[in-house]
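Inspection log for the structure reproduced underneath, given as structure tokens.
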Amino acid sequence: MFQKHHPQPVFTEPVQSNHTADDVETVVGPSVKVEGDFASEGNIVVKGTVTGSVKTSRMLTVENGAKIFANVRAENSVVAGGIKGNVKVSERLELSETAQIYGDIECKVLSVAPGALLYGKIMMKGISLVDESEKKEDKKRFLGKIKTEEEMMPPPVI
Amino acid sequence: MTDFGIAGKIIRLQNFSDSRAIIEEEIKRGATTIVIVGNDETFGHVLSRAATCEILFGFLPVGDDNTIAGVLGIPVGVGACDILSHRRKVRLDVGWFNNRYFVSRLHILPSSITVEYDEKFQATAKDRMELVVCNLQPFEWESVGKDRYTIHPQDGKLEAFLRPITRQGWFRRPIFEEPSIFPFEEMVVSARSPFVVEADGKESKETKIKIKLARKKIEMIVGKERRF
Numbered sequence: 263m264f265q266k267h268h269p270q271p272v273f274t275e276p277v278q279s280n281h282t283a284d285d286v287e288t289v290v291g292p293s294v295k296v297e298g299d300f301a302s303e304g305n306i307v308v309k310g311t312v313t314g315s316v317k318t319s320r321m322l323t324v325e326n327g328a329k330i331f332a333n334v335r336a337e338n339s340v341v342a343g344g345i346k347g348n349v350k351v352s353e354r355l356e357l358s359e360t361a362q363i364y365g366d367i368e369c370k371v372l373s374v375a376p377g378a379l380l381y382g383k384i385m386m387k388g389i390s391l392v393d394e395s396e397k398k399e400d401k402k403r404f405l406g407k408i409k410t411e412e413e414m415m416p417p418p419v420i
Numbered sequence: 118m119t120d121f122g123i124a125g126k127i128i129r130l131q132n133f134s135d136s137r138a139i140i141e142e143e144i145k146r147g148a149t150t151i152v153i154v155g156n157d158e159t160f161g162h163v164l165s166r167a168a169t170c171e172i173l174f175g176f177l178p179v180g181d182d183n184t185i186a187g188v189l190g191i192p193v194g195v196g197a198c199d200i201l202s203h204r205r206k207v208r209l210d211v212g213w214f215n216n217r218y219f220v221s222r223l224h225i226l227p228s229s230i231t232v233e234y235d236e237k238f239q240a241t242a243k244d245r246m247e248l249v250v251c252n253l254q255p256f257e258w259e260s261v262g263k264d265r266y267t268i269h270p271q272d273g274k275l276e277a278f279l280r281p282i283t284r285q286g287w288f289r290r291p292i293f294e295e296p297s298i299f300p301f302e303e304m305v306v307s308a309r310s311p312f313v314v315e316a317d318g319k320e321s322k323e324t325k326i327k328i329k330l331a332r333k334k335i336e337m338i339v340g341k342e343r344r345f
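Residue numbers (the numbering used here), protein chains in the order written: chain A, 263 to 420; chain B, 118 to 345.
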């Protein structure tokens, strides 16, 4: 009854929100246009337009409606928009139904959904059907072709 | 505070008090720690001027609008004294623009601006856009579906949030697009006509600003529950 009233310390929590995104990643919004060498250490999400080059050591997500006019390099990538340029992915590349790629693709694992549009060469590492000797022969044939083309060229006029 | 053995001189700040001059004067008199008492505005008001002072800073959040305290892991109220007494020291990065420091955040009101990041790429939008650069204060926005988003900035880099205006709503109220997010170390914002820059509660008009990260500038007492 005679005890002193000690008020309990009030620990107010920071404003609770529906969403928190502590791992901040690079996001290009739908009406934003990025020009130049677009490089990031983290994940990149493209919803708008990018021209120049795109490079990330992690995940690249190209959302539906996004347009990239650039050569692309990433570790993993999920594409639902359009890319005009060569795509080099060191691990997995996933193309969804709305994806459009006009350029060569290089990756380890490729997943293409029905409806995705592709125009270009696809190169995937790890093929064991071809021997080393065949590869060397291919190289020789390729080099020979270059030499013959050089021979065919007329001598420069001095 | 006296229970924890924390005692010292109390200085009340006025609107036009130069916190840097006051702190330098106290350092000369032998002060070793400066404890800022107040909310985000007080924190920004003191440290935007006093970031160059070589002294340990503490923070005692009191009242409303205390978002920075959460990032530093300092609870509002009596719990903050416990954090102060533990003296867990960390060096914090500070934002810098046009010869001024900012600790909480920098806000450019919607204008036709061009933003160049790290001298590598530039971002533009069709219409006017708003730019918020967060250092310690979290960035909050409400999406079209009225969902609230909060992004807590990390130490070690600045985050720029670009929000272009998509259309005008009722009473010419601008409706913003979802923000584009770019972590960066150096950024140049330019425009043909002057734009309003608000940094730590102070407004100015500029046509070109360079924003940089000043690494490990402030020594600060932080809590265990800090977000970086």
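Glycine included, each C-beta is placed from N, C-alpha and C at the ideal position.
At a cut-off of 7 Å between beta carbons, A:K346 makes no contact with chain B. DSSP places B:D210 in the uninterrupted beta strand (DSSP E) bounded by 206 to 214. Using a CB distance cut-off of 7 Å, B:P291 does not count as an interface residue toward chain A. For B:Q239, the chain A residues whose Cβ falls inside 8 Å of its Cβ are V296, E297, G298, in order along the chain.
CA-to-CA, the gap between B:I139 and B:I200 works out to about 25 Å. About 7 Å separates the beta carbons of B:E158 and B:D182, which is inside the 8 Å limit, making them a contact pair. Close CB contacts of B:T241 within its chain, under the 7 Å cut and outside five residues either way in sequence, are with T231 (chain order). Within the segment 317 to 347 of chain A, complete beta strand (DSSP E) segments of at least 3 residues are found at 321 to 324, 329 to 336, 338 to 341, 344 to 346, given in chain order.
Counting C-beta pairs with one atom in each stretch, the segment 232 to 239 of chain B and the segment 330 to 339 of chain B have fewer than three that are closer than 8 Å, which means they do not touch. Cβ neighbours of B:L226 within its own chain (closer than 6 Å, five residues either side excluded): V313.
The shortest CA-to-CA distance from B:E295 to any of A:V308, A:A301, A:F300 is the one to A:V308. Beta-bridge partners of B:P281 (DSSP): B:M246.
In this structure the segment 184 to 199 of chain B does not lie against the segment 321 to 335 of chain B, because fewer than three pairs of beta carbons, one per stretch, are closer than 8 Å. With a threshold of 7 Å between beta carbons, B:I298 makes contact with chain A.
A Cβ-Cβ distance of about 5 Å is found for the pair A:T360 and A:A342, placing them in contact under the 8 Å criterion. Pairing A:V289 with A:V324, the inter-Cα distance amounts to about 10 Å. By alpha-carbon distance to B:I144, the top candidate from B:R280, B:L173, B:S229, B:S228 is B:L173. The residue from B:A168, B:G161, B:R166 with its alpha-carbon nearest to that of B:I185 is B:G161. Burial of B:S221 is indicated by the presence of at least 16 other C-beta atoms within 10 angstroms of its C-beta. Assignment of beta-bridge partners to B:P178 by DSSP yields B:G155. Cβ proximity to chain A below 8 Å picks out E295, P296, S297, I298, F299, P300 from the segment 295 to 328 of chain B.
In this structure, A:G314 keeps its C-beta atom at 7 Å or more from the C-beta atom of A:G291. Taking the CA atoms as reference points, B:S165 sits about 13 Å from B:I153. By the 16-neighbour rule on beta-carbons within 10 angstroms, A:E303 is exposed.
Between A:A332 and B:P255, the alpha-carbon positions lie close to 33 Å from each other. The beta carbon of B:P227 does not come within 7 Å of any beta carbon belonging to chain A, so the residue lies off that interface. With a threshold of 16 other beta carbon atoms within 10 Å, A:L379 falls short and is exposed.
When DSSP states are grouped into helix, strand and coil, B:K145 belongs to the helix group. With a threshold of 16 other beta carbon atoms within 10 Å, A:M385 falls short and is exposed. Close partners of B:A242 in chain A (Cβ separation under 9 Å): G291, S293, V294, K295, G310. Bridge pairing for A:V351: A:A336 [DSSP].
The residue among A:Y381, A:V294, A:F300, A:Q362 with its C-alpha nearest the C-alpha of A:S319 is A:F300. With its beta carbon less than 7 Å from one in chain B, A:T288 belongs to the interface. Using a Cβ-Cβ cut-off of 7 Å, A:G314 is close to F238 of chain B, given in chain order. The beta-carbon separation of A:V374 and A:L357, rounded to 5 Å, stays under the 8 Å limit for a contact.
In this structure, DSSP gives B:D235 a state outside helix and strand, which the three-state scheme calls coil.
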